[in-house]
Amino acid sequence: MTNGLILKDECDKSIGCCFEVYNDKGCGFPQSVYQEFLEIECEYQQIPFCSQKQLPLFYRGKELKRKFVPDFIC
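For the sequence shown, the numbering used here begins at 417 and goes up steadily by one.
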């Protein structure tokens, strides 16, 4: 059963990276530090990712001046 996930294995690996970081470092660091931990863990596990990538936003066919910047995409 995949619980409706299209890329279940990839999701499991990504979530596993998050748990690996948490189990090793625990809580108490700022988000930016956890992001860097996660970048290192994804590199270690050879999971491709983008960090702080600026993505364009559109409304009614027009591109907005502002960009969407997700913390992390893998």
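Note that beta-carbon positions come from the ideal geometry of N, C-alpha and C, so glycine has one too.
Look at Phe-435 here: in three-state DSSP terms it is helix. A direct Cα-Cα distance of roughly 7 Å separates Cys-434 from Leu-454. Per DSSP, Phe-453 is one residue of the alpha helix (DSSP H) stretching across 447-460. DSSP, read as helix, strand or coil, puts Cys-427 in helix. The alpha carbon of Ile-456 has as its nearest neighbour, out of Tyr-475, Glu-436 and Leu-471, the alpha carbon of Glu-436. Membership of Arg-482 in the beta strand (DSSP E) is indicated by the continuous run 478-484.
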